[in-house]
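Chemist: Structure incoming, see below.
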Amino acid sequence: MTDAELDAVLRLVGRARHIVLGTAADAGSRADGARIAAAWGGLVLATVTWPEAAASWLRQARRFAAPEPDVWVVSATPAGWAGMARRLAASTSWSPHRTVVTAAVGESPLPGLRGARADGSSWENW
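Everything in the sequence shown is counted per the numbering used here, starting at 146 for the first residue and increasing by one.
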């Protein structure tokens, strides 16, 4: 994660009172998640990690969505996030409109999702 990308993530999180942080299980995603939490400095209600591939991601999806944060922040791989996002949408009260993803996730066509790019710019799917 670049410094510019981290700044973009923090701008997108804005004045949230609390977040839930979600990461893929790989070392890079987890390190980026820890960096986001440290830089943000606010209350992290939960940190949920999920595998790249899973039978259903249901357990992780429930843990990720349950705290009802102001913003969900995701640092993950595209494949792992795709499976997790499908499970979140199908089985929880999660909202992509309150979710920010890092550049590693990539730009998603999921309506409402926002993300940061490595150059510090951001994108939104409204």
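Here a beta-carbon is modelled for each residue, glycine too, at the ideal position from N, C-alpha and C.
Beta carbon of ILE181: closer than 8 angstroms to some heavy atom of the ligand MG?
Modeler: Here there are no bound small molecules, and the ligand MG is not part of this structure.
Chemist: Would you tell me roughly how many angstroms separate the C-alpha atoms of ALA227 and SER174, rounded to the nearest one?
Modeler: As a working note, residue 227 is residue 82 in the sequence shown. As a working note, residue 174 is residue 29 in the sequence shown. Taking the straight line from one Cα to the other gives about 15 angstroms.
Chemist: Excluding sequence positions up to five away, which residues of its chain have a Cβ less than 7 angstroms from the Cβ of HIS242?
Modeler: Walking along the sequence shown from the start, residue 242 turns up at place 97. Closer than 7 angstroms at the Cβ level, and outside the excluded window around HIS242, lie GLY257.
Chemist: Short of 8 angstroms in beta carbon distance, which residues of its chain neighbour ALA249, apart from the five on each side in sequence? Order them along the chain.
Modeler: What you label residue 249 is simply residue 104 of the sequence shown in a count that begins at 1. MET146, GLY173, SER174, ASP177, SER220, ALA221, THR222, PRO223, listed in sequence order.
Chemist: List the DSSP bridge partners of SER220.
Modeler: Counting from one through the sequence shown, the residue named residue 220 turns up at place 75. According to DSSP, which records beta bridges pairwise, SER220 is partnered with THR168.
Chemist: Just curious, the beta strand (DSSP E) that LEU190 is in, first and last residue?
Modeler: Here residue 190 is taken as the residue at index 45 of the sequence shown, counted from 1. Here the beta strand (DSSP E) through LEU190 covers 188-195.
Chemist: With VAL154 as the anchor, note down where its beta strand (DSSP E) starts and where it stops.
Modeler: The sequence position of residue 154 within the sequence shown is 9, counting from 1. Here VAL154 belongs to no beta strand (DSSP E); instead the alpha helix (DSSP H) covers 148-158.
Chemist: When the Cα atoms are used, what is the spatial distance from GLY225 to GLU252?
Modeler: Position 80 of the sequence shown, counting from 1, holds the residue named residue 225. Position 107 of the sequence shown, counting from 1, holds the residue named residue 252. Their Cα atoms are separated by approximately 14 angstroms.
Chemist: Buried or exposed for TRP271, going by 16 or more other Cβ atoms inside 10 Å?
Modeler: As a first step, residue 271 is located in the sequence shown; it is residue number 126 there, counting from the start. Under this definition TRP271 is an exposed residue.
Chemist: So what does DSSP say about SER201, is it helix, strand or coil?
Modeler: As a working mapping, residue 201 is identified with position 56 in the sequence shown. Three-state DSSP puts SER201 in coil, outside helix and strand.
Chemist: Nearest to ARG193 by alpha carbon, out of VAL158, GLY186, MET229?
Modeler: Against the sequence shown, residue 193 aligns to sequence position 48. First, the residue type needs correcting, since residue 193 is Val and not Arg in the sequence shown. Comparing Cα-Cα distances from VAL193 to each of VAL158, GLY186, MET229, the minimum goes to MET229.
Chemist: Candidates VAL189, ALA235, TRP268: which alpha carbon is nearest ARG162's?
Modeler: Translated into the one-based positions of the sequence shown, residue 162 becomes position 17. Comparing Cα-Cα distances from ARG162 to each of VAL189, ALA235, TRP268, the minimum goes to VAL189.
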